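**Student:**
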Amino acid sequence: MVVRPADPRLGWWLAAALLLPAVALTQPTPAALEQAQRAARAQREAAEAAAEASRAAAAAERRLAERRVEAARQLQAAERHLADIEQRSRTAAEAATAARGAARAQAEALAPMLPTMLRLALWPAESLLAVPAPAEDALRGLLVLQGLSRSMTEEAATLRAAEAEAGRRAAAAAAQAAALREAETAARLATLVLEADLKEARERRAQAEDAEEAAARRAATAAARATSLEGALARLRREEARVRAAAAARARTEAARRQDASAPSREPAQPAPRGGRAMPVAGQVVRDFGSAGEGGPARGITLAAPAGARVVSPCAGRTAFAAAFRSYGLLLIVDCGDGYHFVLAGLDRLDTAPGQRLLAGEPVGQLGAAAPDGRGRASLYLELRRGGRPVDPRSWLAARG
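Numbering-wise, the sequence shown is residues -31 to -1, 1 to 370 according to mature numbering (1 follows the signal peptide of the UniProt record, and there is no 0).
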């Protein structure tokens, strides 16, 4: 795409200045001049219409990007809930397995005594008389066996109840997990639809910008045909003065904004990238900033998240780097402005490209498969740099809106 000047009208007048020497060689007739002026007005109106269409396309793209941010937030919530339900299902299944194991162990322990206990239950008197021991000892043994039988029966009932409750919880968790998987699938499909719509909107915006630039060039050519060299130069000088004044005003505004941003606050060391904040992935911190490791203190934090989890931009800004980098694999660097950069590593897929504008929370990629321990968790490395130096991102993430 053609790079436009800071102000499109300045580009028109510069083009007019290049064309005017050739035009000034001939003196147009009044009729020709009137016709040229009408053509210039028509081209100017067409250029304004093209500029309006470009602004509308850019606004539509931003609305879709904001919807994409919301869709990614909902998908992250679904991933968190699904991971929680799956963990509860695993816990319930383990409890049911433990209860069944305890019941089997009890049955194995009672197996040698079952014939005697059955005989005592059916024929207590005959069994007592058949014991070759004093009647008092035989009666005491009978009472002990009967008490043991009652105790084992009660314990077996408790184990069966525990197994049934664990099974019920496992079934309920499985049902909830199935429903959440359906919701997650629906959220992913909605995200895919939004991504396709956003891609189409970006293409329309690019086409509108190209049309705007072409219309601006035609308007500049028409303006060159409709005026004299002196008039064009005078207008060019006025336009340059206006652009310089506008640039100076913007510089003053930016300087005032930077001065306000750099004023001391209650937490002067806390990073504050522009445009909002977002947790990049639905996960938990498993390694803190500054913690000891083989390569020295950690310069960022490591987050454990569900396998295949969606990763979003932690701040608003532009994609500065998005590609494979050495042993980091796929690496993403987001320029948040004011000297802040977020570095994200461990992604399995990138959904952004260098130079792309990003909103806080806009999807930028996806994590890969689970770690080798088989626990269904992947990891994302997150680093925040301020002026090229790593700073702890946890306080900034904890304060996100």
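Glycine included, each C-beta is placed from N, C-alpha and C at the ideal position. On a predicted model such as this, the values are computed, not experimentally measured, just so you know.
Taking the C-alpha atoms as reference points, what is the distance between glutamate 263 and isoleucine 270?
**Tutor:** 15 Å
**Student:** Could you tell me which of Ala314, Ser364, Gly286 sits nearest to cysteine 305, measuring between CA atoms?
**Tutor:** Gly286
**Student:** Apart from the five residues on each side of it in sequence, which residues of its chain come closer than 7 Å, Cβ to Cβ, to alanine 146?
**Tutor:** The residues are Leu51, Ile54, Glu55, Ser58.
**Student:** Of the residues Asp320, Ala338, Val312, Ser364, which one's Cα is nearest the Cα of threonine 160?
**Tutor:** Asp320
**Student:** Throw me the rounded Cβ distance for the glutamine 43 and alanine 165 pair, which I believe falls under 8 Å.
**Tutor:** Going by Cβ atoms, the distance from glutamine 43 to alanine 165 rounds to 18 Å, so no, they are not a contact pair.
**Student:** Leaving aside the five residues before and after tyrosine 297 along the sequence, list all residues of the same chain whose C-beta is less than 6 Å from its C-beta, in chain order.
**Tutor:** Ala314
**Student:** Under 7 Å: does the beta carbon of valine 255 sit that close to some heavy atom of the ligand MG?
**Tutor:** By its list of ligands, the structure shown contains no ligand whatsoever, and the ligand MG lies outside what it can speak to.
**Student:** With DSSP collapsed to three states, give me the class of glutamine 176.
**Tutor:** In the displayed model, glutamine 176 falls within a helix according to three-state DSSP.
**Student:** With a threshold of 16 other CB atoms inside 10 Å of the CB of alanine 214, please say whether the residue is buried or exposed.
**Tutor:** exposed
**Student:** Please classify serine 311: is it buried, with 16 or more other beta-carbons within 10 angstroms of its beta-carbon, or exposed?
**Tutor:** Residue identity differs from the one stated: residue 311 is phenylalanine in this sequence, not serine. Burial call: buried.
**Student:** Using CA atoms only, rank isn't needed, just tell me which of Ala216, Glu63, Glu181, Arg171 is closest to glutamate 21.
**Tutor:** Glu181
**Student:** If we ignore side chains and look at the alpha-carbon of each, how far apart do glutamate 48 and proline 275 end up?
**Tutor:** 7 Å
**Student:** Find the nearest neighbour of phenylalanine 294 within the set Arg73, Ala273, Leu316, judged by alpha-carbon distance.
**Tutor:** Leu316
**Student:** Who are the Cβ neighbours of alanine 41 in its own chain at under 8 Å, not counting the five residues just before and after it?
**Tutor:** Counting only Cβ-Cβ distances below 8 Å, and skipping sequence neighbours, we find Thr160, Arg279, Val281, Gly330, Glu331, Pro332.
**Student:** If we ignore side chains and look at the alpha-carbon of each, how far apart do alanine 289 and glutamate 39 end up?
**Tutor:** 23 Å
**Student:** What is the DSSP secondary structure of alanine 191, reduced to helix, strand or coil?
**Tutor:** helix
**Student:** My understanding is that alanine 170 touches glutamate 30, with C-beta atoms under 8 Å, so please give their C-beta distance in whole angstroms.
**Tutor:** Right, their Cβ atoms sit about 4 Å apart.
**Student:** Just list the residues that DSSP pairs arginine 358 with in beta bridges.
**Tutor:** Beta-bridge pairing links arginine 358 to Arg355.
**Student:** Quick one: what's got a C-beta closer than 7 Å to arginine 173's C-beta in the same chain, skipping five residues either side?
**Tutor:** Ala26
**Student:** Specify the secondary structure class of valine 250 as computed by DSSP and reduced to three states.
**Tutor:** coil
**Student:** For valine 360, count neighbouring C-beta atoms within 10 Å of its own C-beta (all shown protein chains included) and say buried if the count is 16 or more, exposed if not.
**Tutor:** buried
**Student:** Quick one: is glycine 252 buried, meaning 16 or more other Cβ sit within 10 Å of its Cβ, or exposed?
**Tutor:** buried
**Student:** Take the Cβ of proline 323 as the centre, count every other Cβ of all protein chains shown within 10 Å, and call the residue buried at 16 or more, exposed below.
**Tutor:** With a 10 Å radius around the Cβ and a threshold of 16 neighbouring Cβ atoms, proline 323 comes out exposed.
**Student:** Could you round the C-beta distance between leucine 336 and methionine 248 to whole angstroms and report it? I think they count as a contact, below 8 Å.
**Tutor:** That pair is no contact at about 14 Å.
**Student:** Apart from the five residues just before and just after glutamine 325, which ones in its own chain have a Cβ nearer than 6 Å to its Cβ?
**Tutor:** Thr288
**Student:** Under the assumption that alanine 15 contacts alanine 175 (Cβ atoms under 8 Å), give the Cβ distance between them as a whole number of angstroms.
**Tutor:** The beta-carbon separation of alanine 15 and alanine 175, rounded to 19 Å, does not stay under the 8 Å limit for a contact.
**Student:** For glutamine 335, which beta-bridge partners are listed by DSSP?
**Tutor:** BP columns for glutamine 335 point to Arg279, Arg318.
**Student:** Along the chain, where does the alpha helix (DSSP H) that runs through arginine 363 open and close?
**Tutor:** Per DSSP, arginine 363 belongs to the alpha helix (DSSP H) from 363 to 367.
**Student:** Can you tell me the Cα-Cα spacing of proline 81 and arginine 256, whole angstroms?
**Tutor:** Proline 81 and arginine 256: Cα-Cα distance of roughly 54 Å.
**Student:** Per DSSP, which one or two residues make a beta bridge with cysteine 284?
**Tutor:** Arg246
**Student:** Any idea what DSSP makes of glycine 308, helix, strand or coil?
**Tutor:** coil
**Student:** Whole-angstrom Cβ separation of alanine 68 and glutamate 132, contact assumed at under 8 Å?
**Tutor:** So it is a contact: roughly 4 Å between Cβ atoms.
**Student:** Straight-line CA distance for alanine 210 to arginine 32?
**Tutor:** 35 Å
**Student:** On a CA-only basis, which of Val303, Arg221, Gly259 is nearest leucine 327? Give me that one, please.
**Tutor:** Val303
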